[in-house]
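Below is one structure, written out as structure tokens, with a few remarks after it.
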Amino acid sequence: MSSESSREKFQAYLTQQGLHVTNQRLAIFDAALAQKEHFTAEQLLDRARTIDDSVSRATVYRTLPLMTESQILREVDIGSGEKFYLPASSGNTQVAQVVCVDCDRIFEISAPFMEWYGSTVSLKLGLKPISQRLQVSAHCIAYRSSGRCPNRLKK
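Residue numbering for the sequence shown follows my numbering, beginning at 3 and increasing consecutively.
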């Protein structure tokens, strides 16, 4: 989905929910869709303020659920107490997340077997799957041997 059609989808969702399309919400949208890596709400706040310095922390925290509900963003919980977000792609939704516990970086890899597995185990129980995820926690081999993680993101 292009950025323009995502913007239209988000604006339509806001209108459908009876909410205003504001400059702050659009700055948050633009900042979020410009991201190539997973990000936190606080990182999004910093980036959105470079677009519109009037963006408030409260508006970021109220807008993130709207962006996930409208399927503009995907929310990722790695169990650290902090949620991460990534723009939703219209491509492969069957991904596994590998989380480096040394640097908290999240990698996503294609996992086409997940659809088959989710359907198989659900059907055995008489259920129909509606969502699934696979998340692996791992140590960085380079960090363990040299004390430096080549994947560590600069904060």
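Just so you know, even glycine gets a beta-carbon here, dropped at the ideal spot from N, CA and C.
Secondary structure note for Ser121: its alpha helix (DSSP H) is the uninterrupted segment Phe115 to Lys126. Collapsing the DSSP output to three states places Leu68 in a helix. Relative to the Cα of Val97, the nearest Cα in the group Leu21, Ala50 and Glu117 belongs to Glu117.
For the pair Thr65 and Arg27, the CB atoms are nearer than the 8 Å cut-off. Per DSSP, reduced to three states, the secondary structure at Arg76 is strand.
The Cβ atoms of Phe12 and Phe31 lie closer than 8 Å to each other. Excluding residues up to 5 positions away in sequence, Gln13 and Leu16 lie with their Cβ nearer than 6 Å to the Cβ of Val23 in the same chain.
Counting only the Cα atoms, Leu75 lies some 6 Å from Met69. Taking a C-beta distance under 8 Å as the contact criterion, Glu84 and Gln99 do not qualify as a contact pair. A distance below 8 Å separates the beta carbons of Cys102 and Ala140. Nearest Cα to Gln45 within the set Gly81, Tyr87 and Thr122: Tyr87. Taking Pro131 as the centre and dropping the five residues before and after it, the same chain places the C-beta of Gly120, Ser121 and Ser124 closer than 7 Å to its C-beta, in chain order. For Val138, the closest alpha carbon among the candidates Ala113, Leu129 and Tyr145 is that of Ala113.
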